[in-house]
Amino acid sequence: HPLLNDSKQLKESQRDKLRAIIEAEAIDWAVAWATPEEIDKVNILKASILSMHRALENLRVSPQSIIVDGNRFLPYKDIPYNCFVKGDGRYSSIAAASVLAKTHRDEYMRKIDIEFPCYGWAKNMAYPTSGHREAIRKNGVSKYHRVSYRLLPEPDLFSFTNCESTQREEGTCCKEY
C-alpha cells in the first residue's frame, strides 16, 4: 500500500486506515505484549523479544523466516531471522507490524484511560509528557505503570497525595477528577 511506512511517520488516521487493510489482507498477523510486571522483571529489551515470540506463537501460518526491526532478537524455534535497524522504513512487513503494534497499543491506552482518567493516557499515550509526570506526582503510579521506568525521581514517584495503594489497584483514585 502506498501509505505504508514506519508508524511514527504516519498520522493517526493513516495508521487506522492501514490497520484495517493489514488485518483484512495480510496472510496472517498477531499482536502481543508484555505486562508492566514482566517488563519490570526482565527489562524492556527482553520483554520486547518475549512479545515478538508471543506474536509468532499466535500466528496460524508458520513463517519461513523472520525479519525484525532493530538489532536484537533471540532465536525462535529453528526459523532463520535477520535484524534491520530502522527496518520499519525499509520493509513493508516490518512497517505493517509497526502500524499494528502502534494502533493496538493506542487502542489499549484509550481503554485504560477510562479506568484512570487522571493520567491523560488517551491523549499522551503513556509517553512521559509534563502532564503525565504531574499526574504521577499527584496520584502515584497505577497498576499499569512500569515502576522500572523512572518518570520521576524516586522520592516523588511514591510520595503522592491523592490516592491510597488500594485505590490505585482498584482504579478509583482518579475517579474524583
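Remember, my numbering sits 303 above the position in the sequence shown when you count from 1. A virtual CB, placed ideally from N, CA and C, is assigned to each residue, including glycine. All of these numbers come straight from a predicted model, not from anything done at the bench.
query                                                                                                                                                        : result
With which residues is PHE387 paired in a DSSP beta bridge?                                                                                                  : ASP372
Is the distance from the Cβ of TYR379 to the Cβ of PHE387 below 9 Å?                                                                                         : no
Which one of ALA350, ASP381, ALA327 has the shortest CA to CA distance from ALA335?                                                                          : ALA350
If I measure Cβ to Cβ from PRO458 and keep anything under 8 Å in the same chain, skipping five residues before and after, which residues do I get?           : Its pLDDT being 45, under 50, PRO458 is placed unreliably in this model, and the value from its coordinates should be taken loosely. Contacts found: none.
Go to GLN317, then tell me how far its alpha helix (DSSP H) extends in each direction, as first and last residue.                                            : 315 to 328
Just to confirm, are SER368 and ASN346 a CB contact at a threshold of 9 Å?                                                                                   : no
Use the C-beta contact count for ASP381: other C-beta atoms within 10 angstroms, 16 or more gives buried, fewer gives exposed.                               : exposed
Could you pull out every residue in the same chain whose Cβ sits closer than 8 Å to the Cβ of ILE352, ignoring the five residues on either side in sequence? : ARG375, PHE376, LEU377
Under a Cβ-count criterion, where at least 16 other Cβ atoms within 10 Å of its own Cβ denotes burial, should ARG318 be classed as buried or exposed?        : buried
Specify the secondary structure class of TYR411 as computed by DSSP and reduced to three states.                                                             : helix
Got a sec, what are the start and stop residues for the alpha helix (DSSP H) SER445 sits in?                                                                 : Run containing SER445: none; DSSP gives neither H nor E here.
Given that a residue counts as buried once 16 or more other Cβ atoms are within 10 Å of its Cβ, and exposed if not, what is LEU321?                          : buried
Report the three-state DSSP secondary structure of TYR422 (helix, strand or coil).                                                                           : helix
One question on the structure: do SER396 and ILE415 come within less than 9 Å of each other, judged by their Cβ atoms?                                       : no
Of the choices MET355, VAL364, TRP332, ALA399, whose alpha-carbon is the least far from that of LEU307?                                                      : ALA399
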